[in-house]
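Beneath this line is the structure, given in structure tokens, with notes to follow.
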Amino acid sequence: MQIQLPSKRADGQTPLIYMNKLILYRDSLEIQEIDVNPLDTSKTIEIEDLTPSNGYYRYFAKVMDSYNNSSSESNHYITYAGKIIELNETNSFSENFDEKDLPKYYLAGNWGLTDEFAFTLPNSFTESPYGNYKNKEKDTFLLFPMHSTNGILHIQFYNAAIVEPRDTAVIEYSIDNGITWSNQFLNSDSLNENVMYNYDNYSYWNDGELNEMDWRIENLYLTHLDSTILLRFRFASNFLKNDKGWFIDDLTISNRTLGVQDEVQNIHIYPNPVREYLNIYLGEVYNIPFEISIYDVIGSLILKKQYSSNADANIIIDVRNLQSGCYYINITSNKGILRAKLIKI
């Protein structure tokens, strides 16, 4: 990084003399003390810092004179340190928010984990982890920079937006390093959509209850990307009313816009259409915990079964109580999420 040394004292008029040290801070902790020449005022110097992990860091600096008088803090500078996440056919990004210590995302405001309400246990991520959000909140959750090798981005997550219509719960992206932001994505019907959420968007969000029916799956797409992309979840509350908040879980980002058959891979679901009993052939024995969830076409959770493992590769599910129509199946494990389409007759 580059730092320009001052030439004036805090009043902006008195020349700075006897300067002899530059002190650099990362996330409010002193990390380097550098000797400087009193004649180096206004000079720009370069400093390298080896961060302990990938993530976002806040830097600022002070100078000291030979009498150990310290300046006020410089302007604060937030930067990302680490590799850009490359999205390709073999590499995708996923975050299930189940680890106690998350990666060092940029978090402003009150974003945090909660175990009070989650799509998949134990946690989800919310801007109101300690109860209803307060008035005039401003909260930002910024992911690590990403690059798609084929210019396509598919964002999938589950969310429950129990927020007032006058609040802002929005997903935004930037392709110019955060100078400008847009919330316009392609939805599953390949239509442009300005993505904002509140409890008027979904009947279960406005029924006064917080339960598993509130979780709705979202699929958003971007195409023709030729640069690094930043993606953030941003919330701002109004001056008067408040509610339970915005909850996010099981976020996955890839560079594939997959049709149903492509996503299924080695999974076979039969009969399909189905009338009474559904066979799910996984193609392999899962010796790890996994779950099977069934959703209707608007993303409402209809059925969820959890398994510690399976003795063989075939699972039978009773679907006699499902109404006729189209459904989607998710099979979730620490290997990722596999999806398929189901027709009930």
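Residue numbers (this note's numbering): 85 to 429. Here a beta-carbon is modelled for each residue, glycine too, at the ideal position from N, C-alpha and C.
Need the endpoints of the beta strand (DSSP E) that residue i sits in, please.
| i | result |
| --- | --- |
| I337 | G329 to S338 |
| Q97 | Element bounds for Q97: n/a, residue is neither H nor E. |
| F201 | Counting along the chain, F201 falls outside any beta strand (DSSP E), and DSSP gives it neither H nor E. |
| Y190 | Y190 to A192 |
| I263 | Looking at the DSSP string, I263 is not in any beta strand (DSSP E), and its letter there is neither H nor E. |
| R300 | R300 to L306 |
| D402 | N398 to D402 |
| R110 | M103 to R110 |
| K389 | L385 to Y391 |
| H352 | H352 to Y354 |
| F323 | Counting along the chain, F323 falls outside any beta strand (DSSP E), and DSSP gives it neither H nor E. |
| T312 | Here T312 belongs to no beta strand (DSSP E), and DSSP marks it neither H nor E. |
| Y242 | L237 to I246 |
| F209 | S208 to T210 |
| L134 | Where L134 is concerned, there is no enclosing beta strand (DSSP E), given that its DSSP letter is neither H nor E. |
| S178 | F177 to E179 |
| L113 | L113 to D119 |
Take residue i as the anchor and find which of the options has the nearest alpha-carbon.
| i | options | result |
| --- | --- | --- |
| S126 | L113, V381 and K92 | K92 |
| D310 | S384, V254, I353 and M230 | M230 |
| T416 | Q407, S392, D402 and M148 | S392 |
| P99 | I107, L89 and L106 | L89 |
| T264 | K218, S155, R316 and Y286 | R316 |
| T233 | K428, I364, N339 and M297 | N339 |
| N356 | R142, T163, C410 and N322 | C410 |
| S266 | D260, S272, E248 and E256 | E256 |
| I364 | N153, N121, I400 and K222 | I400 |
| S408 | E360, A320, D182 and I129 | E360 |
| I162 | N153, R110, N285 and G193 | R110 |
| H352 | N398, E248, N153 and E221 | N398 |
| D327 | L275, A245 and L186 | A245 |
| P373 | Q97, N394, M297 and I386 | N394 |
| L362 | S112, R404 and T128 | R404 |
| T224 | R318, E200 and E293 | R318 |
| Y190 | I118, Y141 and K184 | Y141 |
| N322 | K218, L294 and T174 | K218 |
| S212 | S377, L335 and A320 | A320 |
| V381 | L335, N276, Y286 and E183 | Y286 |
| S258 | G215, L314 and Q97 | L314 |
Under the DSSP definition of a beta bridge, which residues are partnered with residue i?
| i | result |
| --- | --- |
| E170 | H231 |
| R318 | T224 and V254 |
| A165 | G139 |
| V279 | Paired residue(s): none; V279 is not in a bridge. |
| T416 | E375 and I421 |
| Y411 | D380 and L426 |
| Y361 | D402 |
| D149 | M103 |
| L270 | N276 and Y305 |
Using 8 angstroms as the threshold, is the C-beta distance between residue i and residue j below it?
| i | j | result |
| --- | --- | --- |
| T312 | G235 | no |
| I131 | M85 | yes |
| L426 | Y412 | yes |
| L478 | F269 | Residue 478 lies beyond the stretch modelled for the chain, which goes from 85 to 429, so this question has no answer here. |
| K188 | G139 | yes |
| Y379 | I301 | yes |
| D333 | T204 | yes |
| V147 | S155 | yes |
| A145 | I87 | yes |
| I337 | S208 | no |
| E248 | K167 | no |
| Y288 | A253 | no |
| V297 | L406 | In the sequence as presented, Val is not what sits at residue 297; that position holds Met. No. Outside cutoff. |
| L106 | I115 | no |
| L108 | Y151 | no |
Using 10 angstroms around the beta-carbon of residue i, count the other beta-carbons present and answer buried if the total reaches 16, otherwise exposed.
| i | result |
| --- | --- |
| G329 | buried |
| F228 | buried |
| K389 | exposed |
| A94 | exposed |
| I101 | exposed |
| S240 | Reading off the sequence, residue 240 comes out as Gln, not Ser. With 16 or more Cβ atoms within 10 Å of its Cβ, Q240 is classed as buried. |
| D251 | buried |
| N414 | buried |
| V358 | buried |
| K428 | buried |
| D128 | Inspection of the sequence shows that residue 128 is occupied by Thr rather than by Asp. Exposed, because fewer than 16 other Cβ atoms sit within 10 Å of the Cβ of T128. |
| Y283 | buried |
| L366 | buried |
| L171 | buried |
| L335 | buried |
Is the shortest distance between the beta-carbon of residue i and the beta-carbons of chain B less than 8 angstroms?
| i | result |
| --- | --- |
| E173 | Absent here is chain B; the protein component of the structure consists of one chain. |
What do you reckon, is the C-beta of residue i under 7 angstroms from a heavy atom of the ligand NAP?
| i | result |
| --- | --- |
| A192 | The ligand NAP is not part of the structure shown, which contains no ligands of any sort. |
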